[in-house]
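This report concerns only the one structure given below.
In the numbering used here, the protein residues as written are 1 to 850.
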């Protein structure tokens, strides 16, 4: 009902603008701009390519307020992103996504800048500096783009140096004391060398999230990005484009909104820990501490004396060399180098303020304290391990917090030849890439009951550190042929063979002796495990005679053959239809998580997606409208996901896994229409139906389930976007415009919704002191993991010069302050939601000098 109500103002505006402009002569109506894209590694009009593509130019991206890749979710139906507890965003396109939050996790959606891959999602947020356009390619893109990606690809095309001198600036001021500035300068340095420099800074002096426990705010932005690029005409046949990029991000990270606190007790019957947070995080006595239940988009909480924030730097170098052997044969070399540094980022996971050390030291009561008749005055202080034992009374102990530090280095190289003949265009090449991820993640569970079994050494810990070094390499060869069978019909054939290798070296480490003491106590009967303080405590070969703690080394080798078969038929000069069949793969990888036993670190294997698509692209009403329609069906095998498995002492814990079989089917519509010379209307919509057909696993609450019949998580059945922009003349030199945008998304589930009435029983390690038995119980899907329908409205009002050298406009985002979330998760002992952004508004000024 909310969506229907909110759509009224937008619909009324469109009707009013259309009626106002009715009297305009047909000859005055503008026509649709033909956007050239490089989806098939050469410049073509979108209508010529047998593929569903969304494209936006630089002006559209600026007006729509797209600051990074995550913002595309508001303008591209079928594309979603979700925040994670460890930083990397999760991208989902047409229901195909990988909900893994490790730094080394690759995405199902490939991200590129000028066709050069950005290999990991954590590196992608600053990709859209000084752009000419962005292309969103839907469906598997393995045959031509560097890394296999089952969902699709997003290719950012940077603005290039020009021979003529030009400079421009964009400045915005907005709510929460925000300031955004971007500028560029370009021109010729010599007769054969052009250069371009672009810089962008985004800053806000006030956070938008408000603490529910104290007078505090979170959410300040502090980003800087710069690029210098050169176009060098080496000679009449050879050119080179060189770009050097830098970006840093010191922005404060998002705090989740608490929904429910669920104390989890490890150690089975001997767990006598006192539920420290229980009396505080009680939704009955303190409902204000659970903003996720109140749908207040700004309310949140985080550890009281900490400010979670990023500490990211990234450097990259790209080189594109092209040599024309003849008018029909061209050689292209693409080289990419990236280095990403995390110098100490912090993330809140618990969504609570925590408690002070003094509060712990003064605790009384509880079952064990009663048994001992209160004779141990410092009984609960035993839960403060390691450095927590020495902190001052006023310092806070968290409920769930993360510290990260690490580096990522990657290299990619592609060589390809392009031969263009009257009847054939073929591309052939090779691609290779190497990357190394070296990351350390410290998880601070504070006083969580599942890591504090008894207030004594050997029966609890506060912190552990996950250490991972993952090296990956890809070697592939590819070819693609476009065969112009006649003037109307073109066939496309593409093949790619890939060989992927992932090498893993890592474990979970003790930090202060407490973790090692607990592992010795519970896994080695109180004996020495051979581990050391600050060394690995992950148990290898658990339950076997050679059981030990130590470092895990492993490797995963996979190969795949991707293909694409497509036909494009030019029904008339204005209408084309196409059909395609693609097979794509996404290589496996290793996780980074708190690994109690070694098999938690088993890799996920590659997934496979077969995509069938039909589409039509039509230029209508004398090219004043463009209509694109697509229908698709995906056969999805071995979908990768973050799940759980049984482990000793702690019952269940996170790991990676695969879903056997699932399908996705849907339809998409994209309409651009100049109703008059003054009124432009853009409308996009998608319908997606997804379902697991075979597979089982654990949901976020640790319940073992048969997932058959469940929709895929983070997949909305319906999404739609509507843009209406109306312009009118003020004087001969100036015009004014008003624009409104609306984005609707139907509900989606952040967890699997099983079609069963009871859970599956779980029994493991039977007969040992740490056996795990979870009986079957009635099952009912928890609706708190469902994001309801929502509608986001934005608006702009401005004026500009008809010469196109300057404009200014007032903007407002999330006009109605609609509540929505990108994800709902179970982080250790807290069910929590990651909210979208509250209402913001501001003023933007743009000027270009020629």
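All C-beta atoms, glycine included, are put in the ideal place defined by N, C-alpha and C. All of these numbers come straight from a predicted model, not from anything done at the bench.
Under a three-way DSSP split, which group does residue i fall into?
| i | result |
| --- | --- |
| residue 358 | helix |
| residue 719 | strand |
| residue 538 | coil |
| residue 387 | helix |
| residue 15 | At residue 15 the pLDDT is 49, less than 50, meaning the model places this residue with poor confidence; the figure from the coordinates comes in the next sentence. Three-state DSSP puts residue 15 in a helix. |
| residue 785 | helix |
| residue 601 | helix |
| residue 514 | helix |
| residue 141 | coil |
| residue 502 | strand |
| residue 482 | strand |
| residue 342 | strand |
| residue 554 | strand |
| residue 381 | helix |
| residue 73 | helix |
| residue 46 | helix |
| residue 847 | strand |
| residue 543 | coil |
| residue 155 | strand |
| residue 61 | helix |
| residue 853 | The question about residue 853 has no answer, for the chain in this structure spans 1 to 850. |
| residue 767 | coil |
| residue 123 | helix |
| residue 835 | strand |
| residue 293 | helix |
I need the straight-line Cα distance from residue i to residue j, nearest angstrom please.
| i | j | result |
| --- | --- | --- |
| residue 361 | residue 303 | 18 Å |
| residue 440 | residue 466 | 6 Å |
| residue 428 | residue 648 | 52 Å |
| residue 810 | residue 620 | 33 Å |
| residue 790 | residue 113 | 32 Å |
| residue 409 | residue 779 | 45 Å |
| residue 130 | residue 389 | 50 Å |
| residue 218 | residue 344 | 18 Å |
| residue 326 | residue 565 | 28 Å |
| residue 705 | residue 660 | 14 Å |
| residue 216 | residue 433 | 45 Å |
| residue 562 | residue 262 | 45 Å |
| residue 794 | residue 79 | 19 Å |
Find out if the Cβ-Cβ distance for the pair residue i, residue j is shorter than 9 Å.
| i | j | result |
| --- | --- | --- |
| residue 252 | residue 207 | yes |
| residue 670 | residue 449 | no |
| residue 842 | residue 175 | yes |
| residue 89 | residue 827 | no |
| residue 277 | residue 102 | no |
| residue 909 | residue 92 | This structure cannot settle anything about residue 909, because the visible part of the chain is limited to 1 through 850. |
| residue 656 | residue 589 | yes |
| residue 510 | residue 535 | yes |
| residue 201 | residue 181 | yes |
Quick one: using the 10 Å Cβ neighbour count with 16 as the cut-off for buried, is residue i buried or exposed?
| i | result |
| --- | --- |
| residue 69 | buried |
| residue 241 | buried |
| residue 227 | buried |
| residue 328 | exposed |
| residue 25 | Confidence in residue 25 is poor, its pLDDT being 43 and thus under 50, which makes the residue's placement too unreliable to answer from. |
| residue 424 | exposed |
| residue 834 | buried |
| residue 730 | exposed |
| residue 803 | exposed |
| residue 823 | buried |
| residue 143 | buried |
| residue 855 | With the chain covering only 1 through 850, there is no way to say anything about residue 855. |
Sort out for me which residues DSSP pairs residue i with in a bridge.
| i | result |
| --- | --- |
| residue 463 | 444 |
| residue 736 | 728 and 799 |
| residue 509 | 465 and 536 |
| residue 627 | 618 and 671 |
| residue 232 | 193 and 240 |
| residue 562 | 496 |
| residue 596 | According to DSSP, residue 596 bridges with nothing at all. |
| residue 813 | 840 |
| residue 778 | 758 |
Does chain C have any CB closer than 9 Å to the CB of residue i?
| i | result |
| --- | --- |
| residue 289 | The structure shown contains no chain C; it is built from a single protein chain. |
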